[in-house]
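Participant: Residue 703, in our numbering, is where the sequence shown stops; the numbers in between run on with no holes.
The beta-carbon is built from N, C-alpha and C at its ideal position, and this holds for glycine as well.
Bear in mind the structure is a predicted one, so any value in this text is a computation, not a measurement.
Before I ask anything, let me first share the structure, which is written out below as structure tokens.
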Amino acid sequence: MRNRELELANDYVLHTGCSLFLTGRAGTGKTTFLHDLGSRTAKRMIITAPTGVAAINAGGVTLHSFFQLPFGPFLPGGDNYDQRRHRFSRDKRNIIVNLDLLVIDEISMVRADMLDGVDEVLRRFRRSEQPFGGVQLLMIGDLHQLPPVVKDDEWELLSRHYDSPYFFSSQALARTELVTIELQHVYRQSDRKFIDLLNRVRDNRMDQDTLAALNSRCRPDVSGQDEGYITLCSHNRNADAINRSRLAEIDRPLHRFKAKVEGDFPEYTFPTSAVLELKVGAQVMFVRNDASEERRYFNGRIGRVTGISGKVIRVHCPGDEHDIEVEPVVWENIKYTADEQSGEIRQEKIGAFLQYPLKLAWAITIHKSQGLTFDRAIIDANQAFAHGQVYVALSRCRTFEGLILSSPISPQAVQTDQRVLGFVEQARQNPPTPEHLEAARLHYQRQLMLECFDLGRLRYWLGRLIGTLFGNAHVLQITGQGDMQQLRQRCEDEIFTVSENFRRQLGTLFESCG
């Protein structure tokens, strides 16, 4: 079945230079679009995310590490980077200069000031006053899910510059022509009534009927003892306590599996425990997709440990005829490098994490469940403390029947930020049109043609080279200075001036064509 929104997003990313916000309800295919992008585009791109685990899962790097952003507030117009410029390696500067497309996953968790910090770096090293240095942005996420983290003292400073902490309040983004595409088709759930119920929660259209329908799934007596149920908690301490307690109840030997870490792989990016403690009978969750042809498991699949022998852990999942024999797998930490001559951006492995793709799964936090799908879940969301948490928890379930509430949900627990609703509604009222896509495609093609004759960087580096030679003539004992000056002048007259004149003629021709 065709998905017109995904096709439209693909056209904008591949064939235009427009920055794009790709959004949609949980389970609409945003992550799949990202994972398939690398094989479809010839653009030089990097993938980033706001957290280490999200970056590892997306096959990219964190925004903070690549752009060396401050962990405190970034104040527009301040000297945030003056003391940090020397930290950008030559290789990283080459990547920035050659970058065509910057992908930011989980954009809902990126603060507005962080996006302005990215803009600052891109403009500085690309020597361009265009927003984000002329780089195309692809921002993926759902503003109705988890919000950016901002402390009260940080917001006291940031509120002088921003209307909200969300990425759409970025000053650089305000100067950008942003296209928003909202994916409509939900792949995770197939029950139309359940999808409509989730949409009402997401869009802050809760009424008494919606609340009654949700609370009809309240089962305080269900404790997760049944096969395959996972409890989604709003706080880490609750999830950890449940997992420790349930593991201790099993009267079987405890097995410890220590991860093998190689190279650069920071602890905060570990996708599962460095020391995995398991017993036969423990409920576990797979934390990545099976890379083999059998596709035996996927990220978020629940099972129970049935045997531990040597290096093999056997796990049985509901509905399967046979146990899955699980062996350690490797996660890679990568960095981006740029080819000195071609400017192509490549991935280089800098670290590895070897561990079984499992974690204890009687309970998990709502935050860590984002992006996962469960057949059966017990939701403890009455203490939800952030915008979007209840929606994230509810939308993890594949079916309404697989959803259990440990306590009734009150209207106060469903928090929706009016600033998010305002931005989303404005975007819905201004969808991209076929005419806009065609105009953007034509503009992009013309820009590519103009760039082919832009010799500004060659002129800059030639000037730097000759200036360096002349500046050190007394040390290098250079001869033929007159010849070098003549060469520079001939380049100016016969190459650079000609290219500039031709670019102007092309620009005039494009304008006359409309």
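Can you tell me whether DSSP reads tryptophan 650 as helix, strand or coil?
Facilitator: Looking up residue 650 in the sequence shown gives position 461. The answer is helix: DSSP assigns tryptophan 650 an H, G or I state.
Participant: Among Arg191, Leu347, Leu209, which residue has its Cα nearest to the Cα of proline 620?
Facilitator: Locating residue 620 in the sequence shown gives position 431, counting from the first residue. If we check each option's Cα against that of proline 620, Leu209 comes out closest.
Participant: Just the C-alpha distance for proline 259 and proline 337, rounded to the nearest angstrom, thanks.
Facilitator: Mapped onto the sequence shown, residue 259 falls at position 70. Mapped onto the sequence shown, residue 337 falls at position 148. The straight-line gap from Cα to Cα measures roughly 15 Å.
Participant: Determine the DSSP secondary structure at glutamine 373, reduced to helix, strand or coil.
Facilitator: Taking the sequence shown and counting its residues from 1, the one referred to as residue 373 is at position 184. Residue state, collapsed to three classes: coil.
Participant: Kindly indicate which three-state DSSP category histidine 224 falls into: helix, strand or coil?
Facilitator: Sequence index remark: in the sequence shown, residue 224 carries index 35 (1-based). It is helical.
Participant: Below 8 Å between beta carbons: does that hold for aspartate 331 and serine 297?
Facilitator: Working through the sequence shown from its first residue, we reach residue 331 at position 142. Working through the sequence shown from its first residue, we reach residue 297 at position 108. It is a contact, given that the beta carbons lie within the stated cut-off.
Participant: Going by alpha carbons, who is nearest to arginine 364 out of Asp410, Asp308, Leu403?
Facilitator: Start at 1 with the first residue of the sequence shown, and residue 364 comes out as number 175. Of Asp410, Asp308, Leu403, the residue nearest in Cα terms is Asp308.
Participant: Excluding the five sequence neighbours on either side, which residues of its own chain have a C-beta within less than 8 Å of the C-beta of arginine 503, listed in chain order?
Facilitator: Walking along the sequence shown from the start, residue 503 turns up at place 314. Within the same chain, arginine 503 has close Cβ partners Val494, Thr495, Gly496, Ile497, Asp512, Ile513, Glu514, Val515.
Participant: Would you call the region 230-239 and the region 312-322 touching, i.e. three or more CB-CB distances under 8 Å?
Facilitator: Short answer: they don't touch.
Participant: Just verifying my parser: in three-state terms, what is the DSSP assignment at glutamine 607?
Facilitator: Sequence index remark: in the sequence shown, residue 607 carries index 418 (1-based). Looking at glutamine 607 - three-state DSSP - the assignment turns out to be helix.
Participant: For glutamine 272 and glutamine 257, I'd like the C-alpha separation in whole angstroms.
Facilitator: By one-based count along the sequence shown, residue 272 stands at place 83. By one-based count along the sequence shown, residue 257 stands at place 68. Reliability fails at glutamine 272, whose pLDDT of 46 lies under 50, so the model's placement of it is uncertain and the value that follows must be treated cautiously. C-alpha separation (whole angstroms): 12 Å.
Participant: In the DSSP output, which residue or residues are listed as bridge partners for leucine 326?
Facilitator: Position 137 of the sequence shown, counted from the start, is the residue given in the question as residue 326. For leucine 326, which the question treats as bridged, DSSP gives the partners Leu291.
Participant: What separation, rounded to the nearest whole angstrom, lies between the Cα atoms of arginine 433 and glutamine 472?
Facilitator: In the sequence shown, residue 433 corresponds to position 244, counting from 1. In the sequence shown, residue 472 corresponds to position 283, counting from 1. Each residue's Cα considered, the two are about 12 Å apart.
Participant: Ends of the beta strand (DSSP E) at glutamine 544?
Facilitator: Here residue 544 corresponds to residue number 355 of the sequence shown, with the count starting at 1. Note, glutamine 544: beta strand (DSSP E), 534-544.
Participant: Under a Cβ-count criterion, where at least 16 other Cβ atoms within 10 Å of its own Cβ denotes burial, should histidine 275 be classed as buried or exposed?
Facilitator: Here residue 275 refers to the residue found at position 86 when the sequence shown is read from its first residue. In this predicted model, histidine 275 has a pLDDT of only 46, less than 50, meaning its place in the structure is not dependable; the value taken from the coordinates is given anyway. Histidine 275 comes out exposed.
Participant: So, for lysine 219: in the same chain, excluding its five sequence neighbours on each side, which residues have a beta-carbon less than 8 Å away from its beta-carbon?
Facilitator: For the purposes of this step, residue 219 is taken as residue 30 along the sequence shown, with counting starting at 1. Same-chain partners within the cutoff: Leu211, Thr212, Gly213, Ile329, Gly330, Asp331, Leu372.
Participant: Could you give the first and the last residue of the continuous beta strand (DSSP E) run that contains arginine 503?
Facilitator: Counted from its first residue, the sequence shown places residue 503 at position 314. Counting along the chain, the beta strand (DSSP E) containing arginine 503 begins and ends at 501-505.
Participant: Is the number of C-beta pairs between the region 345-355 and the region 602-621 that are closer than 8 Å three or more?
Facilitator: With a cut-off of 8 Å, the region 602-621 and the region 345-355 count as touching, because enough Cβ pairs lie within range.
Participant: My output table needs one value for phenylalanine 475: the three-state DSSP class, helix, strand or coil.
Facilitator: Counting from 1 along the sequence shown, the entry for residue 475 is found at position 286. Strand.
Participant: Return helix, strand or coil for leucine 465, following the three-state DSSP convention.
Facilitator: Numbered from 1 along the sequence shown, position 276 holds the residue referred to as residue 465. Leucine 465: strand per DSSP, three-state reduction.
Participant: Helix, strand or coil: which one does DSSP assign to aspartate 672?
Facilitator: One-based indexing of the sequence shown puts residue 672 at position 483. In this structure, aspartate 672 counts as helix in the three-state DSSP scheme.
Participant: Is it the case that the Cβ atoms of threonine 217 and valine 390 are separated by a distance below 8 Å?
Facilitator: Along the sequence shown, read from residue 1 onward, the residue named residue 217 stands at position 28. Along the sequence shown, read from residue 1 onward, the residue named residue 390 stands at position 201. No, they are not a contact pair.
Participant: On the three-pair Cβ rule with 8 Å, is the region 418-434 touching the region 558-565?
Facilitator: They touch, by the three-pair rule.
Participant: Could you give the distance in angstroms between the alpha-carbon of serine 254 and the alpha-carbon of tryptophan 520?
Facilitator: Working through the sequence shown from its first residue, we reach residue 254 at position 65. Working through the sequence shown from its first residue, we reach residue 520 at position 331. Distance between the alpha carbons of serine 254 and tryptophan 520: 18 Å.
Participant: Can you tell which of Thr251, Pro265, His333, Pro239 has the C-alpha that lies nearest to the C-alpha of glutamate 295?
Facilitator: The count along the sequence shown starts at 1 and reaches residue 295 at position 106. Cα-wise, what sits closest to glutamate 295 is Pro239.
Participant: Please classify glycine 496: does DSSP put it in a helix, a strand, or coil?
Facilitator: Along the sequence shown, one-based indexing puts residue 496 at 307. Of the three classes helix, strand and coil, the one that applies to glycine 496 here is strand, per DSSP.
Participant: Hey, out of Ser584, Val579, Thr605, Glu681, whose CA is closest to proline 597's CA?
Facilitator: Counting from 1 along the sequence shown, the entry for residue 597 is found at position 408. Among Ser584, Val579, Thr605, Glu681, the Cα nearest to that of proline 597 is on Val579.
Participant: Any idea what DSSP makes of aspartate 569, helix, strand or coil?
Facilitator: Within the sequence shown, residue 569 is the residue found at index 380, counting from 1. Reduced to three states, the DSSP call for aspartate 569 is strand.
Participant: May I ask you to list the residues that DSSP assigns as paired with valine 579?
Facilitator: Position 390 of the sequence shown, counted from the first residue, corresponds to residue 579. DSSP, once it has assigned bridges, lists no residue as partnering valine 579.
Participant: By how many angstroms is the C-alpha of arginine 692 removed from the C-alpha of alanine 463?
Facilitator: The residue you call residue 463 lines up with position 274 of the sequence shown. The residue you call residue 692 lines up with position 503 of the sequence shown. Cα to Cα, the separation comes out at about 57 Å.
Participant: Rounded to a whole number of angstroms, what is the C-alpha to C-alpha distance between arginine 635 and tyrosine 201?
Facilitator: Locating residue 635 in the sequence shown gives position 446, where the first residue counts as 1. Locating residue 201 in the sequence shown gives position 12, where the first residue counts as 1. Their backbone Cα atoms lie some 15 Å apart in a straight line.
Participant: Bridge partners for tyrosine 525 per DSSP, in chain order?
Facilitator: One-based indexing of the sequence shown puts residue 525 at position 336. Answer is Gln536, bridged to tyrosine 525.
Participant: Only counting the same chain, and skipping five residues up and downstream in sequence, which positions put a Cβ closer than 7 Å to that of alanine 437?
Facilitator: Counted from its first residue, the sequence shown places residue 437 at position 248. Nothing listed; no residue qualifies.
Participant: Are alanine 550 and methionine 474 touching if we call contact CB-CB under 8 Å?
Facilitator: Working through the sequence shown from its first residue, we reach residue 550 at position 361. Working through the sequence shown from its first residue, we reach residue 474 at position 285. Yes. Within cutoff.
Participant: Is there at least one non-hydrogen atom of the ligand ADP closer than 7 Å to the beta-carbon of alanine 541?
Facilitator: The ligand ADP is not part of the structure shown, which contains no ligands of any sort.
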